[in-house]
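In our numbering, the protein residues as written are -11 to 673.
Written out as structure tokens, the structure is:
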């Protein structure tokens, strides 16, 4: 005697060895003996043999017309043997009964299980819905197969191209476009990104990076909805000063300006004037919501995405020829010793005499010109709007402030490498990636830079200390020490910033470009207006959960924006290498990399990349490198050492004890999570 039984959703057949009331011992064709509950014994038969019965039953089940079987089935609950007799005939064999069982079990859209070997036919409308779903899945599977074939053959279907960034960076793994890429990738043993490149899905490397960034952070585009900048209606006193801003020529969001009073009197009043959009933009207003969504202006070579629309910026920016509402910090100084004897914060209108541009003046306003009244440049275009004496005093003050911070830091700030400036030629609007790129160098710590940077540090630290004294929460940046690996952190506590050398540091001087500065300006305005009662009147109270939420969102966005800026600078550097036909360059060894390679830093370009052939050399060695091919998608470049130029004298390190500007290729793959570069403090605007 043989039996067919069900075990864990699968059907088996075997010979009965012994049987009791509740179970039976059954021997399978493999020789294995199993104990089967009586309720699971569905069919007893004498022939054919168990293995043959299952084989024949599966063949017969495949030929059963399900719609006819459904029509034959009774309305009430039934057993598989009953359906076999209705479908195959009253003398249905064991094989046909087993075929009916398999057919019923494998067609849940037609028949629902009602027990062991028992079924009930599904309602007609459910059957129709199920059949439609099955047909849809069949068509989708067919479409996936067709798309995968096209991708493997080097052609990208339109729907896959449209979903390119979602497939690569935020995939819906049930989407047919994603499945097609995965299937083609497996079939061709090619990484998804390389597969899509080969298939023509990526036609422009620049567009790829740009659209990827927009997909992640600006999915609705970078434009603004129409909005009206609220006017500052408060009656404000006019400051008795002439203020000057110092920015790059392309800067439109002019946040800060400086003024000096009392030169020659022994007591000097330094004015640090900051644009005051917080006087008009209220927390929770539509403009605030836009700022809170963007959190910062995004910078990149040749373009920027502003935090605020231009019409709003122009309402509050410190443009020349106007008396603009501003939040002013006045610092009283001893003219001889440059010691700070007092400070005061005012809300006022500040006359802006001129917007100076450092890229136009750096060649003239040099340290030698500022320190030696008799020194004159040939054909020098002096900034007539601001006196030489005033600039000289500001430079002397900046040097003094820097020296005091360095005393707190415990070591001097060093700027061994230049800043690089990118200019794109050939297109005035949004870059296309085909522009001619010009890269020029600018030594860090130029006098005008130092003047502005030290003034902003003074304002950020003074206001940070003041808010802490009044118990008003603010957004601070702190660094516990200069030890390697100790990062700059953001929080609501006024903690020391070891990297800058100040007791506390609250970004407050760029409210048109950073949301943290706008938030801090609201808090500072409360301090000006309410003094000791400011903690109760400020928009954000102590331990305000919303303030922590802002910090978290800003930190993430600012990190991502910085990473994108670094990636685009690397992209345009690779473009420059290509456009200039550079095949070899001089570089210094930075550190060993995995696989026996070395990372090198180019002497005259903002470029760090791996090279081979640096064995037996040491960090700091200068070498001549032959460049390989650049990958503008992965931002990858490699090279080979072809000559040793000189041996290292001293290892060069960054301020934090870690190498900066060490950017490698972008590892791009399906469902990729990238670790972004942490933001660095740059006190200069």
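We put the CB at the ideal spot given by N, CA and C, even for glycine. For clarity, every value in this text was computed on a predicted model and none was experimentally measured.
For residue 589, name the three-state secondary structure that DSSP assigns. Counted from its first residue, the chain shown places residue 589 at position 601. Strand at residue 589.
Would you kindly report the start and end of the unbroken beta strand (DSSP E) that includes residue 597? The sequence position of residue 597 within the chain shown is 609, counting from 1. Per DSSP, the continuous beta strand (DSSP E) segment holding residue 597 begins and ends at 596 to 600.
Return the residue from the list 235, 163, 179 and 142 that minimises the CA-CA distance to residue 189. Start at 1 with the first residue of the chain shown, and residue 189 comes out as number 201. Cα-wise, what sits closest to residue 189 is 142.
I'd like to confirm the pairing. Which residues does DSSP put opposite residue 107 in its beta bridges? The residue labelled residue 107 in the question sits at position 119 within the chain shown. Beta-bridge annotation (DSSP): residue 107 is paired with 66 and 101.
Contacting residues, own chain, Cβ-Cβ under 8 Å from residue 114 (five flanking each side not counted): Residue numbering aside, residue 114 sits at position 126 when the chain shown is read from its first letter. Excluding sequence neighbours, residue 114 sits near 97.
Looking at residue 108 and residue 157, is the spacing between their C-beta atoms short of 9 Å? For the purposes of this step, residue 157 is identified with residue 169 of the chain shown, where counting begins at 1. For the purposes of this step, residue 108 is identified with residue 120 of the chain shown, where counting begins at 1. Against a cut-off of 9 Å, the Cβ pair of residue 108 and residue 157 comes out as no contact.
Cβ contact check for the region 274 to 281 and the region 325 to 341: 3 or more pairs under 8 Å: The way I'd put it, the region 274 to 281 doesn't touch the region 325 to 341; fewer than three beta-carbon pairs between them come closer than 8 Å.
Three-pair Cβ contact test at 8 Å for the region 201 to 213 versus the region 308 to 324: Result no; under three Cβ-Cβ pairs closer than 8 Å.
Indicate the three-state DSSP secondary structure (helix, strand or coil) for residue 493 in the structure shown. Stepping through the chain shown from its first residue, residue 493 is reached at position 505. Looking at residue 493 - three-state DSSP - the assignment turns out to be coil, as it is neither helix nor strand.
Spatial neighbours of residue 491 in its chain, beta-carbon cut-off 7 Å, leaving aside the 5 residues before and after: Counted from its first residue, the chain shown places residue 491 at position 503. Around residue 491: 449, 453 and 484.
Can residue 117 and residue 86 be called in contact, C-beta distance under 9 Å? Sequence index remark: in the chain shown, residue 117 carries index 129 (1-based). Sequence index remark: in the chain shown, residue 86 carries index 98 (1-based). The answer is no: Cβ separation not under 9 Å.
Residue 497 versus 163, 592, 259 and 177, residue with shortest Cα-Cα distance: In the chain shown, residue 497 corresponds to position 509, counting from 1. Considering only alpha carbons, the answer is 259.
Could you give the residue range of the alpha helix (DSSP H) that holds residue 508? One-based indexing of the chain shown puts residue 508 at position 520. For residue 508, the uninterrupted alpha helix (DSSP H) run begins and ends at 503 to 518, by DSSP.
Where residue 195 and residue 560 are concerned, what is the direct C-alpha to C-alpha distance, given to the nearest angstrom? Here residue 195 refers to the residue found at position 207 when the chain shown is read from its first residue. Here residue 560 refers to the residue found at position 572 when the chain shown is read from its first residue. Residue 195 and residue 560: Cα-Cα distance of roughly 13 Å.
Are there 16 or more other CB atoms within 10 angstroms of the CB of residue 508, so buried, or fewer, so exposed? For the purposes of this step, residue 508 is taken as the residue at position 520 of the chain shown. Counting every other CB atom within 10 Å of its CB across the protein chains shown gives residue 508 a total of 16 or more, marking it as buried.
Taking only three categories from DSSP, how would you classify residue -7? Within the chain shown, numbered from 1, the residue matching residue -7 stands at position 5. The answer is strand: DSSP assigns residue -7 an E or B state.
Starting from residue 413, follow its DSSP beta bridges and name the residues at the other end. As a working mapping, residue 413 is identified with position 425 in the chain shown. Answer is 424.
From 281, 523, 569 and 416, residue whose alpha carbon lies closest to that of residue 541: By one-based count along the chain shown, residue 541 stands at place 553. Nearest neighbour of residue 541 by Cα position, chosen from 281, 523, 569 and 416, turns out to be 281.
Distance between beta carbons of residue 148 and residue 132, contact taken as under 8 Å: Start at 1 with the first residue of the chain shown, and residue 132 comes out as number 144. Start at 1 with the first residue of the chain shown, and residue 148 comes out as number 160. Contact doesn't hold; Cβ gap of about 10 Å is too wide.
According to DSSP, is residue 281 helix, strand or coil? In the chain shown, counting from the first residue as 1, residue 281 sits at position 293. Three-state result, residue 281: helix.
Looking at the structure shown, is residue 681 part of a helix, part of a strand, or coil, going by DSSP? Residue 681 lies beyond the residue range present for the chain, which begins at -11 and ends at 673; the question has no answer from this structure.
Would you grab the beta carbon distance between residue 503 and residue 315 for me? Rounded to a whole angstrom, and I think it's under 8 Å. One-based indexing of the chain shown puts residue 503 at position 515. One-based indexing of the chain shown puts residue 315 at position 327. That pair is no contact at about 16 Å.
Between the C-alpha atoms of residue 360 and residue 425, what's the straight-line distance to the nearest angstrom? For the purposes of this step, residue 360 is taken as residue 372 along the chain shown, with counting starting at 1. For the purposes of this step, residue 425 is taken as residue 437 along the chain shown, with counting starting at 1. If I take the Cα positions, the gap works out to 37 Å.
To the nearest angstrom, how far is the alpha carbon of residue 180 from that of residue 202? Locating residue 180 in the chain shown gives position 192, counting from the first residue. Locating residue 202 in the chain shown gives position 214, counting from the first residue. Whole-angstrom Cα-Cα distance: 21 Å.
Would you call the CB atoms of residue 227 and residue 334 closer than 9 Å? Counting from one through the chain shown, the residue named residue 227 turns up at place 239. Counting from one through the chain shown, the residue named residue 334 turns up at place 346. In contact: residue 227 and residue 334 (Cβ atoms closer than 9 Å).
Would you call the region 248 to 267 and the region 461 to 471 touching, i.e. three or more CB-CB distances under 8 Å? No contact exists between the region 248 to 267 and the region 461 to 471.
Is it buried or exposed for residue 402, if we count other Cβ within 10 angstroms and need 16 for buried? Counted from its first residue, the chain shown places residue 402 at position 414. By the 10 Å Cβ count, residue 402 comes out exposed.
When DSSP labels each residue in this structure, what does residue 478 get in the three-state scheme? Walking along the chain shown from the start, residue 478 turns up at place 490. Three-state result, residue 478: strand.
Could you check whether the region -10 to 9 touches the region 31 to 43, counting it as contact only if at least three pairs of C-beta atoms, one from each stretch, sit closer than 8 Å? Enough Cβ pairs lie closer than 8 Å, so yes.
Apart from the five residues on each side of it in sequence, which residues of its chain come closer than 7 Å, Cβ to Cβ, to residue 292? Locating residue 292 in the chain shown gives position 304, where the first residue counts as 1. Contacts found: 285 and 286.
Pick out whichever of 29, 312 and 18 has its Cα sitting closest to the Cα of residue 9. For the purposes of this step, residue 9 is taken as the residue at position 21 of the chain shown. Closest by alpha carbon: 29.
Same chain, Cβ closer than 8 Å to residue 591, neighbours up to 5 away in sequence not counted: Counted from its first residue, the chain shown places residue 591 at position 603. Sequence-distant Cβ neighbours of residue 591 in its own chain, meaning closer than 8 Å and more than five residues away, are 573, 574, 575, 576 and 610.
Under the three-state reduction of DSSP, which class applies to residue 48: helix, strand or coil? Numbered from 1 along the chain shown, position 60 holds the residue referred to as residue 48. Looking at residue 48 - three-state DSSP - the assignment turns out to be helix.
Taking the C-alpha atoms as reference points, what is the distance between residue 249 and residue 255? As a working note, residue 249 is residue 261 in the chain shown. As a working note, residue 255 is residue 267 in the chain shown. Residue 249 and residue 255 have their C-alpha atoms some 9 Å from each other.
Would you call the region 437 to 451 and the region 378 to 393 in contact, with 3 or more CB pairs under 8 Å? Per the Cβ contact rule, the region 437 to 451 is in contact with the region 378 to 393 (3 or more Cβ pairs under 8 Å).
Please go through the same chain and pick out, in chain order, the residues whose beta-carbon is closer than 6 Å to the beta-carbon of residue 220, but skip the five residues on each side of it. Mapped onto the chain shown, residue 220 falls at position 232. Exclusion of the five residues before and after residue 220 leaves 267, 268 and 313 as the residues of its chain whose Cβ lies within less than 6 Å of its Cβ.
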